[in-house]
Every structure is written in C-alpha cells, then in structure tokens.
Amino acid sequence: MSDLRLDATQLDRYSRHVIMDEIGPEGQQRLLEGSVLIVGAGGLGSPAIQYLAAAGVGRLGIVDDDVVERSNLQRQIVHGDDDVGRPKVDSAADYVAALNPDITVETHETRVTADTVADLVADYDIVLDASDNFATRYLLNDHCVLTETPLFHGAIYRFEGQLTSFTNERGGDEPRPCYRCIFSEAPEPGTVPDCATTGVLGVLPGTVGCIQATEVVKYLLGKGDLLEGRLLLYDAMDMSFEEVPVQPNPACPVCGDDPEIESVSDVAYEGTCEISAD
Numbered sequence: 001m002s003d004l005r006l007d008a009t010q011l012d013r014y015s016r017h018v019i020m021d022e023i024g025p026e027g028q029q030r031l032l033e034g035s036v037l038i039v040g041a042g043g044l045g046s047p048a049i050q051y052l053a054a055a056g057v058g059r060l061g062i063v064d065d066d067v068v069e070r071s072n073l074q075r076q077i078v079h080g081d082d083d084v085g086r087p088k089v090d091s092a093a094d095y096v097a098a099l100n101p102d103i104t105v106e107t108h109e110t111r112v113t114a115d116t117v118a119d120l121v122a123d124y125d126i127v128l129d130a131s132d133n134f135a136t137r138y139l140l141n142d143h144c145v146l147t148e149t150p151l152f153h154g155a156i157y158r159f160e161g162q163l164t165s166f167t168n169e170r171g172g173d174e175p176r177p178c179y180r181c182i183f184s185e186a187p188e189p190g191t192v193p194d195c196a197t198t199g200v201l202g203v204l205p206g207t208v209g210c211i212q213a214t215e216v217v218k219y220l221l222g223k224g225d226l227l228e229g230r231l232l233l234y235d236a237m238d239m240s241f242e243e244v245p246v247q248p249n250p251a252c253p254v255c256g257d258d259p260e261i262e263s264v265s266d267v268a269y270e271g272t273c274e275i276s277a278d
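Numbering-wise, the sequence shown is residues 1 to 278 according to the UniProt record's numbering.
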C-alpha cells in the first residue's frame, strides 16, 4: 500500500470511516486505491456510482453507450432534466466530479462485447454488473471467471431484485459458483420483457444498487461476509428478502470440472448465450 497519509480535507470528508475500527485510515486508503468498472449508468449503476464515489473508491470506470432520456429520470438518479440527450457516461462523470473531487472517472461510451470486454476490464480491480440484458451478464461472467476478476451482480424486474457476488478465486479448497452455475443459459429472446414494456418501481434499483456498492466496499476493505454462494432475492411489495444457497455446478461450461468455454469467442452471446458450435 502506498502513502497512508490522508490530507486534512480527506480526514474531514471520510471521518465517519476513519473513526471506525473496521476501516480506519488504512481502510480508507484501500478504498482510495481501489478501482471499479461499472457496466451500465442506468437504474442500478446510478446508486452504485453515487455511493462508491462518496465512499472514496478512487477510480471508477463507467461503461454505457446510451443517452439520457426523460423516462430514465424516474430511477436513474445521477442524471437530471438538463442531461436529456447527453451521453449517460458524461452525465454520470459530471455528477461524480461535483460530489467528490478525489475520484478519477474514466468514461467508456461503448458496448461491452466479446471484442471489447478484455480491454475494458483489464485496468480495474472489480467489475460491477449494472447491465440490463442477458448477453452482457453472461459475457461479463465468462470473462471474469476466465481472468479471475471479482464480479458483483444485480438485476431488477418490476418490483423485484436479485443480487450475488462472485470473487472468482479459483484453485482453493472450496469450489466457488459463477453466474452460469445458477443460470446455465439465458431465456429465449423476447420471453422476459424489459422495463420499457412492463415498467419498474423507481426506487427499486436504489436498494439493489446500494447493496451492490456495499459488497464492493466490503471486498476492497477485506471485511465482512460477501454474498458469494448466496443469491439474495428482494421483493419491494412484500418488503422481504430471501436468501437462496448457490452451489458450484461441476458441469458448468466455464468453471466446472471439464469447462468447454476457454475464451469468450467460444460463445454466441446474442440469443441464449450458448456455446458456439464452431
């Protein structure tokens, strides 16, 4: 770890961290030296960006190729009415700059594809999946498993959310699950409507994105128990949480005993994210 000295402004800004025995100045320095790639600057990405920046996670990469629409503003809270028509990555970067000048923001106005994922992920410690489509979720999972990059997953639908965490540490005494261990293939295209069709409770992604950010901060600090091996299901209508144990799948095509996926080029990610026949 580099110089542990926080300046007077940082000691003031992060004082509620610094006084905690579990964090202290050393832990805050860990956060400041951490880097996270946030894939998606929409409903889930917005609260994650807010709280990671506020907590002092020093370098944030934001990936999104979309522009702000007025219908986004009901839930995508790093954007404002004046941002309509702007690239989401630019609007989000401006938000962070106004919130915490300690944070370096790197914007990537692009899609995550099999051709771009390696370059996007390579420079970051952690990936936070705030995407809104199955192709990106499976692509991030497969790449992060193959490169042993920690991946923090969240997803929402109408009034419901789900979360889990994957450290993707391989070769230990206990096998660890990945996203494909839980969901071996994506549903058929068109079978799961998006929020433009079915709607989404505006405050729902705030809860889910904040939990994703919490998991990232805990990982960077090396504190607490992560959601690894546990799928957390949240129902906003019932105000209930359910935890489902998740086991590694020995037949998983990417992390199992005899993996078929050795590169993201082995998978056709549009559709059901099946292994390519080639």
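Cβ atoms here follow ideal geometry from the backbone N, Cα and C, with glycine treated the same way. Please read all numbers here as calculations on a predicted model, not as lab measurements.
Rounded to a whole number of angstroms, what is the C-alpha to C-alpha distance between residue i and residue j?
| i | j | result |
| --- | --- | --- |
| C181 | A41 | 27 Å |
| L151 | R230 | 14 Å |
| E160 | P25 | 37 Å |
| V203 | G154 | 15 Å |
| V57 | I38 | 12 Å |
| V145 | F166 | 9 Å |
| K88 | V36 | 17 Å |
| S2 | H108 | With a pLDDT of only 48 at S2, under 50, the local geometry of the prediction cannot be trusted, and no value is derived from it. |
| D12 | A55 | 13 Å |
| D20 | Q10 | The amino acid at residue 20 is misidentified as Asp; the sequence shows Met. Answer to the nearest angstrom: the Cα atoms are 15 Å apart. |
| E148 | N168 | 5 Å |
| V208 | A130 | 10 Å |
| D81 | L32 | 31 Å |
| A236 | G43 | 15 Å |
| V18 | A8 | 12 Å |
| A53 | F134 | 27 Å |
| E188 | T136 | 15 Å |
| S184 | A122 | 25 Å |
| A251 | I156 | 27 Å |
| N72 | G172 | 42 Å |
For residue i, collect the residues of the same chain with a Cβ closer than 8 Å to its Cβ; drop the 5 residues on either side in sequence, then sort them by chain order.
| i | result |
| --- | --- |
| Y138 | Y179, R180, A186, V267, Y269, C273 |
| T116 | T110 |
| E215 | F152, L163, S165, L226, L227 |
| I49 | I38, A41, L60, I62, V78, A92, Y95, V96 |
| R176 | F166, T167, N168, E169, R170, E228, G229, P248, C255 |
| residue 279 | Here the chain covers residues 1 to 278 and nothing more, so residue 279 does not appear. |
Could you say which of the options lies nearest to residue i if we only look at CA atoms?
| i | options | result |
| --- | --- | --- |
| P47 | M239, E243, P205 | P205 |
| C195 | F241, D132, E243 | D132 |
| G199 | R75, V217, R170, V145 | R75 |
| L221 | R5, I23, G45 | I23 |
| E174 | C210, A54, N249 | N249 |
| T113 | Q212, E260, D65, L11 | D65 |
| V219 | A8, I19, G34, I77 | In the sequence on display, residue 219 carries Tyr and not Val. Selected option, being the one with the closest Cα: G34. |
| P253 | E262, Q247, V246 | E262 |
| R30 | T191, D125, V264 | D125 |
| V246 | R158, G80, L233 | L233 |
| S265 | L140, A98, A251, N100 | L140 |
Short of 7 Å in beta carbon distance, which residues of its chain neighbour residue i, apart from the five on each side in sequence? Order them along the chain.
| i | result |
| --- | --- |
| V84 | V68, E69, R70 |
| D278 | Residue placement at D278 cannot be trusted, given a pLDDT of 45 that sits under 50; what the coordinates show is reported in the next sentence. Result list for D278: empty, nothing under 7 Å. |
Exposed or buried, what is residue i when buried is set at 16 or more other beta-carbons lying within 10 Å of its beta-carbon?
| i | result |
| --- | --- |
| D142 | buried |
| residue 281 | Outside the modelled stretch of the chain, which goes from 1 to 278, sits residue 281, for which no answer is possible. |
| S91 | buried |
| E170 | Checking the sequence, you will find Arg at residue 170 rather than Glu. Result: exposed. |
| R16 | exposed |
| V105 | buried |
| V192 | exposed |
| G45 | buried |
| V244 | exposed |
When you compare the CB of residue i with every CB in chain C, is at least one pair closer than 8 Å?
| i | result |
| --- | --- |
| Q212 | This model lacks chain C altogether, as it is built from one protein chain only. |
Could you pull out every residue in the same chain whose Cβ sits closer than 6 Å to the Cβ of residue i, ignoring the five residues on either side in sequence?
| i | result |
| --- | --- |
| G224 | K218 |
| Y14 | Q28, G56 |
| I211 | L163 |
| C255 | V145, C178 |
| R5 | none |
- Item | Sequence ranges, alpha helix (DSSP H) only - wholly within the region 36 to 122, length at least 4 | 45 to 55, 88 to 99, 117 to 122
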